[in-house]
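So in full-length UniProt numbering, spot 49 of the sequence shown is number 49, and the numbers just go up one at a time.
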Amino acid sequence: MALTDIATRRIELDVTGMSCGACSRRLENKLNKIGGVRASVAIATKVATIDARQDISVANLCDAVAQAGYRAQERTAATIDQDAAGSEAGEQPQKQSSAVASFIRWMTLGHLGGGAVRGRT
Numbered sequence: 001m002a003l004t005d006i007a008t009r010r011i012e013l014d015v016t017g018m019s020c021g022a023c024s025r026r027l028e029n030k031l032n033k034i035g036g037v038r039a040s041v042a043i044a045t046k047v048a049t050i051d052a053r054q055d056i057s058v059a060n061l062c063d064a065v066a067q068a069g070y071r072a073q074e075r076t077a078a079t080i081d082q083d084a085a086g087s088e089a090g091e092q093p094q095k096q097s098s099a100v101a102s103f104i105r106w107m108t109l110g111h112l113g114g115g116a117v118r119g120r121t
């Protein structure tokens, strides 16, 4: 019997701790290993969209997310409203610099172009 033949419900989880596409694929694979679950994880929004059997609880799904090394909580109407209010106000999500980006800036400014930055020609 396929998952589509069984009564399912859609659950959305806000996930924290993911920083790249590999993280979202890892979490997606972890969730999809649970019987009765079909999940997709979007790194851009950090939201896991899950179609799950009725007997699978949000707590079970959050536990699976924690086992994968991330944190999750159910996406509620309040969190959706907060996201919508932020995007209407023109807020941009803050992006954290990765260690690689920081290293590249350090190398570029500190070593390759540092003479001009420090006043040397």
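Idealized CB from N, CA, C, for every residue including glycine.
Practice prompt. Check whether the Cβ atoms of Thr-49 and Glu-74 sit closer than 8 Å, and answer yes or no.
Written response: Taking 8 Å as the Cβ cut-off, Thr-49 and Glu-74 do not qualify as a contacting pair.
Practice prompt. Taking the CB atoms as reference points, tell me whether Arg-38 and Asn-32 lie closer together than 8 Å.
Written response: Contact: yes.
Fill in: First and last residue of the uninterrupted beta strand (DSSP E) at Ser-24
Here Ser-24 belongs to no beta strand (DSSP E); instead the alpha helix (DSSP H) covers 21-32.
Practice prompt. Within its chain, find whatever has a CB closer than 6 Å to the CB of Cys-62; leave out the 5 residues flanking it on each side and keep chain order.
Written response: Result list for Cys-62: Ala-72, in chain order.
Practice prompt. Report buried or exposed for Ala-52, applying the criterion of at least 16 other Cβ atoms within 10 angstroms of its Cβ.
Written response: When all chains shown are included, Ala-52 counts as buried.
Worksheet item: DSSP beta-bridge partners for Ala-52?
Response: Ala-52 is bridged to Arg-9, Val-37.
Worksheet item: Do Ile-6 and Glu-35 come within 8 Å of each other at the CB atom, strictly closer than that value?
Response: Note on identity: in this sequence residue 35 is Gly, with Glu being the wrong assignment. No; because the gap between Cβ atoms is not below 8 Å, this pair is not in contact.
Item to complete: Can you tell me which of the three DSSP states Ala-44 falls into?
Response: Coil, per DSSP.
Practice prompt. Tell me whether Ala-68 sits in a helix, a strand or coil according to DSSP, three-state version.
Written response: It is coil, neither helix nor strand.
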